[in-house]
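Numbering (our numbering) for the sequence shown: 2 to 220. Data first, discussion second: the structure below is written as structure tokens.
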Amino acid sequence: MNTAKVAAAKAALNHVIDGSILGVGSGSTADCFVDALGASGIKLQGAVASSVATEMRLKSVGIEVLDLNSTGPLDLYIDGADEANAQLELIKGGGGSLTREKIVAGASNQFICIADNTKRVETLGTFPLPIEVIPMARSFVARELVKLGCDPEYREGAINDNNNVILDCHGFEINEPKALEQTINAIPGVVTVGIFALRSADLLIIGHDDGSVDVDNAG
Ligand code: 5RP
């Protein structure tokens with residue numbers, strides 16, 4: 002058990018409203034959140050999951066999983082991140098669920114990011130930037146990414162929930178996250194890039210190893 006992740010996950014429970022429909026992300030911190038939610042006694046109308054793994058975990062703690070097409074806009078989305086800067090712009094997609102995560106984040110009025118203290122960075126880009134790609138476009142997209150100045154690495158054998166592949170891009174120093182998000186998303190064959198800057202988080206809850214948390218607004 003990672004005390005910092007659990008602390009951030011438990012702190013997020015304070016923002017969850019009984020009877021609401023919640024968006025829930027993917028990864029080990031999101032898993033901590035689902036476990037805490039299941040034990041909390043909070044009664045949701047249901048949840049929208051950003052991955053098949055999260056869908057199964059939600060069901061395992063007795064939470065009904067709903068289709069985003071039937072819910073309308075969500076009040077709140079809670080998810081982890083691989084990196085977060087002071088503007089609450091994120092790199093996500095370490096687990097390969099970035100497109101569904103971006104969809105659910107985009108459909109939510111509020112996005113709370115939960116993370117351990119290792120995820121806070123000054124400049125995004127040390128974590129290899131994940132990009133979800135249509136399989137037949139993989140080599141073409143990789144060549145276009147090299148032109149942008151990075152070193153893309155094919156995540157061998159990893160087919161995600163959308164049957165797409167992931168390129169992990171090394172060597173980007175991301176000084177203008179919104180611009181790079183738009184540029185990469187415009188490459189034909191890219192489904193989405195794991196930069197969450199156009200829809201950044203609204204609140205960042207950082208957990209520490211001693212069980213304490215910091216709560217940051219953007220800025
Ligand atoms: C999955 C994600 C995760 O939120 C991200 O990889 C963080 O994972 P963890 O909570 O396990 O550190 O974007 O696609």
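In this text, a Cβ means the ideal position worked out from N, Cα and C, and glycines have one as well.
Applying the 10 Å Cβ sphere with the 16-neighbour rule, what's the burial state of residue i?
i	result
Thr119	exposed
Thr124	exposed
Lys44	exposed
Ile92	buried
Gly95	buried
Ala48	buried
Ile18	exposed
Glu90	buried
Short of 8 angstroms in beta carbon distance, which residues of its chain neighbour residue i, apart from the five on each side in sequence? Order them along the chain.
i	result
Ala116	Lys6, Ala9, Thr30, Gly81, Ala82, Ala85, Leu205, Ile206, Ile207, Gly208
Leu199	Lys179, Glu182, Gln183
Gly190	Val134, Ile135, Met137, Ala138, Arg139, Phe141, Val142
Which residues in the same chain as residue i place their Cβ atom closer than 6 angstroms to its Cβ, once the five residues preceding and following it in sequence are excluded?
i	result
Lys11	Ala37
Asp215	Ile207
Asp210	Thr4, Ala5
Phe112	Tyr78, Ala106, Ala202, Asp203
Can you check whether the C-beta of residue i is within less than 9 angstroms of a C-beta belonging to chain D?
i	result
Asn176	Judged by its chain identifiers, the structure shown contains no chain D, having just a single protein chain.
In chain order, what residues of the same chain lie with their CB nearer than 7 angstroms to the CB of residue i, ignoring the 5 residues before and after it?
i	result
Glu102	Gly26, Ser27, Ser51, Asp80, Lys93
Ser41	Leu14
Fill in: Any heavy atom of ligand 2 within less than 5 angstroms of residue CB: hits in chain order
With respect to small molecules bound, the structure shown includes ligand 1 and not ligand 2.
Worksheet entry | Completely contained alpha helix (DSSP H) runs for the region 72-145, where each covers 4 or more residues | 99-107
Discussion item. So, does the region 163-173 touch the region 135-155, judging by three or more C-beta pairs under 8 angstroms?
Written reply: Taking 8 angstroms as the limit for Cβ pairs, the verdict is that the region 135-155 does touch the region 163-173.
Discussion item. For the structure I just gave you, are there three or more beta carbon pairs, one from the region 151-161 and one from the region 105-115, closer than 8 angstroms?
Written reply: no
Item to complete: Enumerate, from N- to C-terminal direction, the unbroken alpha helix (DSSP H) stretches of 4 or more residues contained entirely within the region 10-56.
Response: 29-41
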